[in-house]
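One structure is given below, encoded as structure tokens.
Number of protein chains: 2
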Amino acid sequence: MLEFNKAPTYQSILEAAQNLRGIARKTPLLESHALNKEIGARLLLKCETLQHTGSFKFRGAYNTLSRLSPDQKKNGVFAYSSGNHAQGVALSAQMLGIRATILMPEDTPQIKMDNTRGYGAKVITYDRYTESREEIGRKIADENGLTLVKPYDNHFVISGQGTTGIEIAEQLIEQNASADICVCPAGGGGLIAGASLALQELSPSTKVYSAEPEYFDDTKISLERGTRVANASGNKSICDAIVTPMPGEITFPVNKKTLSGGLMVTDSEAKSAIRAAFHHFKCVVEPGGAVALAALLTNKVDIKGKTVVAVASGGNVDPGLYREILAG
Amino acid sequence: MLEFNKAPTYQSILEAAQNLRGIARKTPLLESHALNKEIGARLLLKCETLQHTGSFKFRGAYNTLSRLSPDQKKNGVFAYSSGNHAQGVALSAQMLGIRATILMPEDTPQIKMDNTRGYGAKVITYDRYTESREEIGRKIADENGLTLVKPYDNHFVISGQGTTGIEIAEQLIEQNASADICVCPAGGGGLIAGASLALQELSPSTKVYSAEPEYFDDTKISLERGTRVANASGNKSICDAIVTPMPGEITFPVNKKTLSGGLMVTDSEAKSAIRAAFHHFKCVVEPGGAVALAALLTNKVDIKGKTVVAVASGGNVDPGLYREILAG
Chain A
1 MLEFNKAPTY QSILEAAQNL RGIARKTPLL ESHALNKEIG ARLLLKCETL QHTGSFKFRG
61 AYNTLSRLSP DQKKNGVFAY SSGNHAQGVA LSAQMLGIRA TILMPEDTPQ IKMDNTRGYG
121 AKVITYDRYT ESREEIGRKI ADENGLTLVK PYDNHFVISG QGTTGIEIAE QLIEQNASAD
181 ICVCPAGGGG LIAGASLALQ ELSPSTKVYS AEPEYFDDTK ISLERGTRVA NASGNKSICD
241 AIVTPMPGEI TFPVNKKTLS GGLMVTDSEA KSAIRAAFHH FKCVVEPGGA VALAALLTNK
301 VDIKGKTVVA VASGGNVDPG LYREILAG
Chain B
1001 MLEFNKAPTY QSILEAAQNL RGIARKTPLL ESHALNKEIG ARLLLKCETL QHTGSFKFRG
1061 AYNTLSRLSP DQKKNGVFAY SSGNHAQGVA LSAQMLGIRA TILMPEDTPQ IKMDNTRGYG
1121 AKVITYDRYT ESREEIGRKI ADENGLTLVK PYDNHFVISG QGTTGIEIAE QLIEQNASAD
1181 ICVCPAGGGG LIAGASLALQ ELSPSTKVYS AEPEYFDDTK ISLERGTRVA NASGNKSICD
1241 AIVTPMPGEI TFPVNKKTLS GGLMVTDSEA KSAIRAAFHH FKCVVEPGGA VALAALLTNK
1301 VDIKGKTVVA VASGGNVDPG LYREILAG
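In order, the protein sequences belong to chains A and B. Sequential numbering from 1 applies to the first sequence in the numbering used here. Sequential numbering from 1001 applies to the second sequence in the numbering used here.
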């Protein structure tokens, strides 16, 4: 039986990279001469929007599902997700011939729900503002003998997401760049935990910061206080992919060691970053995926004269919302 | 003095690839599991939208400008362009310290005009429906001792664009794919002439087709008749990047030998392809850049069970138009 609760390490990320070779896409690290000139910095955008299923989540999901025992594979998997992890699990399950059941908030963007079903998963919904996905999830998984694949508190999920960091480090070298700063969106903190572990090893002079939306800056506050703090309830954000209640149990101890701090952006700043990605990178970025770019473009940390990396973590946005955002 | 009027060859494309190494971006060849399932084919999208300046045009422009003599560089360059060649020349000139003057249609999308000026070029406008850019261009170039860099009828421009074909062939091998069909947008035919020459050498079993908008299918008709035929005047298309009057003098003799035929799509089909690129690839594609994808998605050539490549040649679209297109 796999041990999901172990802390991730640089070694486990290397193993994930091996496991994902030829399966996950090496996404481009883009750069815009025009934007660089405008902001007086060299900005590189890691486009996980171009990963399979339109977000980095495929990496961790496939890394986990591919390692399940034959019995676990036969019984099927279960996941709860605001949408991107759902798609990552659903496609990975489809590729590996595993049945997947996914619990999603009933207000999940339509595109994410349609895509998850499109990959052959069974979708169940819940009310994210009144019900606990952890409780419902545990119950469904237990009753049906399914293996629960949590979206971030899982050794293999975090290790899979960390392969993003290995690629960034390799691509920086290929592009003759040395990054002063790397900013990464944080929901539960799986992507940034894995990526920061990899960067600590491969690009130790790069300071890594989390980016979160207003009212959901639990990683920022937890880093400041040195302990996991939950967000106040009752708030909403356009950044549906990363409105998690608090940092993860496995992810936070990593992030506490590896991160230089947390940055927070407003929904309006995230929207501006989406427009910048449209103009300068021709990339469709979803709100939650745009917070790192937003933090850099609004100088939440000083970028003048520096080389900075923003991870654009996902691009699954409904066309209606995207049209509104483009209208400015 | 460089000989601009020579025919391009596979050798001249290899030289361009060498010249562009580390300068032009190797753009990704994307694939969507969901779209493949939907269409019953394996479709790979070559995203030149992610090239510097948002289109493939940077390749040919840089390949040409970097080879100019010191005197030519000192005097400056001149180009006429509907927008993407303009940006390619402007950024290349800026990178190489050359002054650039660009003649653009007065109805060029704002984004293309702004970007061209943003790269430091001097922009002059004309009426594309009543004036001849060739005549105006020759006059301005001659009077000011500028080197005219034509958008497609130029040996080094075609050779630079052809590096797209080398990358496609390499990426097909990396992705364990062998392409039955490759479709490429055609305006004057520079990109497809270069790319088809490269594919003929590196992937000889791949049939290459041009894609063009309705009323501007001069390459298709010329291929059918075996000689260069001009489009009837008085028509318009949303595909501003490729509404050229007729196939090029240097490009057509190449395309006549290398292409398997020409495909034509309506503006409405191009718009659907733009929406498909948004959904499945998270890529912003402009109308003229989407015609190859459109031709494949509407089965203008039979794709069932086949492996097919579409070149998405550019992504420079005004947000207002893009919003309208997303609305469907």
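No residue lacks a Cβ here, since even glycine has one placed at the ideal position from N, Cα and C.
Exercise. Could you check what DSSP says for B/ALA1193 in three-state terms: helix, strand or coil?
Key: helix
Quiz item: Hey, is A/THR27's beta-carbon within less than 9 Å of any beta-carbon in chain B?
Solution: yes
Self-check item: Boundaries (first-last residue) of the alpha helix (DSSP H) holding A/THR125
Solution: Not the alpha helix (DSSP H): A/THR125 falls in the beta strand (DSSP E), residues 122-126.
Practice problem: Taking 9 Å as the cut-off, decide whether the C-beta atoms of B/SER1272 and B/PRO1247 are in contact. | Solution: no
Quiz prompt | 3-residue-minimum beta strand (DSSP E) runs that sit fully inside the segment 1170-1216 of chain B, ordered along the chain | solution = 1181-1185 and 1207-1213
Practice problem: Measuring alpha carbon to alpha carbon, tell me which of A/LYS220, A/GLN94, A/CYS184 and A/ALA169 ends up nearest A/GLN200. | Solution: A/ALA169
Self-check item: First and last residue of the uninterrupted beta strand (DSSP E) at B/ARG1042
Solution: 1042-1047
Practice problem: Find the nearest neighbour of A/GLY165 within the set A/GLU135, A/LEU197 and A/ALA24, judged by alpha-carbon distance. | Solution: A/LEU197
Quiz prompt | Local Cβ density within 10 Å of B/ILE1192, reported as buried at 16 or more and exposed below that | solution = buried
Quiz item: Based on Cα-Cα distance, which residue from A/THR125, A/ARG128, A/GLY194 and A/THR130 lies nearest to A/ASP153?
Solution: A/GLY194
Quiz item: Got a sec, what are the start and stop residues for the beta strand (DSSP E) A/LEU259 sits in?
Solution: From DSSP, A/LEU259 is part of no beta strand (DSSP E); its letter is neither H nor E.
Quiz item: Which residues mark the beginning and the end of the beta strand (DSSP E) in which B/GLU1031 is found?
Solution: 1029-1031
Quiz item: Is the Cβ-Cβ distance between A/LEU259 and A/TYR209 less than 9 Å?
Solution: yes
Practice problem: At 8 Å on the CB atoms, spell out the chain B contacts of A/ARG144, in chain order. | Solution: Per the sequence shown, the amino acid found at residue 144 of chain A is Asn instead of Arg. Those within 8 Å of A/ASN144 in chain B number zero; the least Cβ separation is about 26 Å.
Quiz item: At least one CB of chain A closer than 9 Å to the CB of B/MET1104: is that the case?
Solution: no
Quiz item: How is the alpha helix (DSSP H) around A/PHE58 delimited, first residue to last?
Solution: 57-65
Exercise. From the DSSP output, read off the bridge partner residues of B/TYR1080.
Key: B/LEU1103
Quiz item: Helix, strand or coil for B/ASP1226 per DSSP?
Solution: Before going on, a small fix: residue 1226 of chain B reads as Gly here, not Asp. If DSSP states are grouped into helix, strand and coil, B/GLY1226 belongs with coil.
Self-check item: Cβ shell of B/CYS1283 (< 8 Å), same chain only, five flanking positions each side left out
Solution: LEU1030, LEU1045, CYS1047, THR1049, LEU1050, ALA1277, ALA1312 and GLY1315
Quiz item: If we count the other Cβ atoms within 10 Å of its Cβ and call it buried at 16 or more, is A/TYR119 buried or exposed?
Solution: buried
Exercise. Using a threshold of 9 Å, state whether the C-beta atoms of B/PRO1245 and B/GLU1212 are closer than that.
Key: no
Quiz item: Residues in its own chain within less than 6 Å of B/HIS996 by CB, not counting five upstream and five downstream?
Solution: Here chain B covers residues 1001 to 1328 and nothing more, so residue 996 of chain B does not appear.
Practice problem: Determine whether the Cβ of B/LEU1191 lies closer than 9 Å to any Cβ atom of chain A. | Solution: no
Exercise. Using three-state DSSP, classify B/GLY1234 as helix, strand or coil.
Key: coil
Quiz item: Hey, out of B/ASP1114, B/ILE1102 and B/GLY1160, whose CA is closest to B/LYS941's CA?
Solution: The first residue shown for chain B is 1001 and the last is 1328, placing residue 941 of chain B beyond what the model contains.
Practice problem: Go ahead and pull the three-state DSSP assignment for A/GLY315. | Solution: coil
Quiz item: From the DSSP output, which residues share a beta bridge with B/VAL1309?
Solution: B/LEU1044 and B/CYS1182
Quiz item: How far does the alpha helix (DSSP H) with B/VAL1291 in it reach, from first residue to last?
Solution: 1291-1297
Quiz item: What residues in the segment 282-306 of chain A have a beta carbon less than 7 Å from any beta carbon of chain B?
Solution: LYS282, CYS283 and VAL284
Quiz item: Given B/HIS1280, which residues of its chain have a CB within under 8 Å of its CB, disregarding the five upstream and five downstream residues?
Solution: SER1032, ALA1034 and LEU1035
Quiz item: Are any of the Cβ atoms in chain D nearer than 9 Å to that of A/TYR119?
Solution: Chain labels in this structure do not include chain D; the protein chains are A and B.
Quiz item: Hey, is A/ARG323's beta-carbon within less than 9 Å of any beta-carbon in chain B?
Solution: yes
Practice problem: Measure the C-alpha to C-alpha separation of A/LEU20 and A/PHE56 and round it to an integer number of angstroms. | Solution: 12 Å
Quiz item: Can a CB atom of chain A be found closer than 9 Å to the CB of B/MET1095?
Solution: yes
Self-check item: Nearest neighbour of B/TYR1010, chosen from B/LEU1202, B/THR1219, B/GLU1249 and B/ARG1323 [CA to CA]
Solution: B/LEU1202
Quiz item: What is the C-beta distance between A/GLU214 and A/THR163, in whole angstroms, given that I count them as a contact (C-beta under 8 Å)?
Solution: Going by Cβ atoms, the distance from A/GLU214 to A/THR163 rounds to 30 Å, so no, they are not a contact pair.
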